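J.: This structure is in structure tokens; I'll ask about it shortly.
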Amino acid sequence: MNLAKKAALFNALFFPGWGQIYLKHYKKGVLIILAVLAGILSIACSLIQQAKAFLKISPFAKGTVTFGGIVELAVNSLRSLESSYLLLISLFLILLWILSIMDAYKLGKEEMAKITITADQQSVSPQA
5 MNLAKKAALF NALFFPGWGQ IYLKHYKKGV LIILAVLAGI LSIACSLIQQ
55 AKAFLKISPF AKGTVTFGGI VELAVNSLRS LESSYLLLIS LFLILLWILS
105 IMDAYKLGKE EMAKITITAD QQSVSPQA
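Numbering (my numbering) for the sequence shown: 5 to 132.
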């Protein structure tokens, strides 16, 4: 598998920014990872705030916390989030993921071109 495809695959399968880090573009990779984590953290904080609000209104009775109750709380919290906010953050994350894959592929192609040019120059240069 060539370098460009491998870098794009790292971004697609693992996490946005891993392809850039694989290609040693650390600043760009870390910046992408931080942006994605900020989006995920924003959604998580909103969900936690909604769950807290639901628990204030109707707290669990002592000793009655079940997995089903927790799932129901999470689902209710997710439903109560403002849909435009959730959609905007989700679109941001998806767009960032796609751009990250495209960028890693482009960087991989550039790295492969440099390697090819270097190899061609070494094979053409006169031997002493």
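No residue lacks a Cβ here, since even glycine has one placed at the ideal position from N, Cα and C.
It should be emphasised that the depicted structure is a prediction, and the values quoted were computed from it without experimental measurement.
1) Can you tell me the Cβ-Cβ gap for S84 and Q54, rounded? I've got them flagged as a contact below 8 Å.
2) What do you get for I36, buried or exposed, if any count of 16 or more other CB atoms within 10 angstroms of its CB means buried?
3) Who are the near neighbours of Y109 in its chain, counting only those whose CB is closer than 6 Å to its CB and skipping five residues on each side?
4) Can you say whether G6 is buried or exposed, counting buried as having 16 or more other CB atoms within 10 angstroms of its CB?
5) Over what stretch of residues does the alpha helix (DSSP H) that includes L85 continue unbroken?
6) Exposed or buried, which one is Q125 when buried takes at least 16 other CB atoms within 10 Å?
7) Assign Y89 to one of two classes, buried (16 or more other C-beta atoms within 10 Å of its C-beta) or exposed (fewer than that).
8) If you drop the 5 nearest sequence neighbours on each side, which residues of the same chain put their C-beta closer than 8 Å to that of I44?
9) Once the 5 residues before and after I47 are set aside, which same chain residues still bring their CB inside 6 Å of it?
10) Just the Cα atoms here: how many angstroms apart are G23 and F14?
11) To test your reading of the DSSP string, which unbroken alpha helix (DSSP H) runs of 4 or more residues are found completely within the stretch 42-107?
12) Please state if the CB of S127 and the CB of P20 are separated by a distance shorter than 8 Å.
13) What are the start and end residues of the alpha helix (DSSP H) that includes G23?
T.: Walking through what the data contain:
1) Cβ-Cβ separation between S84 and Q54: approximately 5 Å, consistent with a contact (criterion under 8 Å).
2) Buried, because 16 or more other Cβ atoms sit within 10 Å of the Cβ of I36.
3) Once the five neighbours on either side are set aside, the close Cβ partners of Y109 are A8, A12.
4) Reading off the sequence, residue 6 comes out as Asn, not Gly. With fewer than 16 other Cβ atoms from the protein chains shown falling within 10 Å of its own Cβ, N6 counts as exposed.
5) Run containing L85: none; DSSP gives neither H nor E here.
6) exposed
7) exposed
8) So the list reads L97, once near-sequence residues are dropped.
9) I93
10) 5 Å
11) 71-84
12) no
13) 22-26
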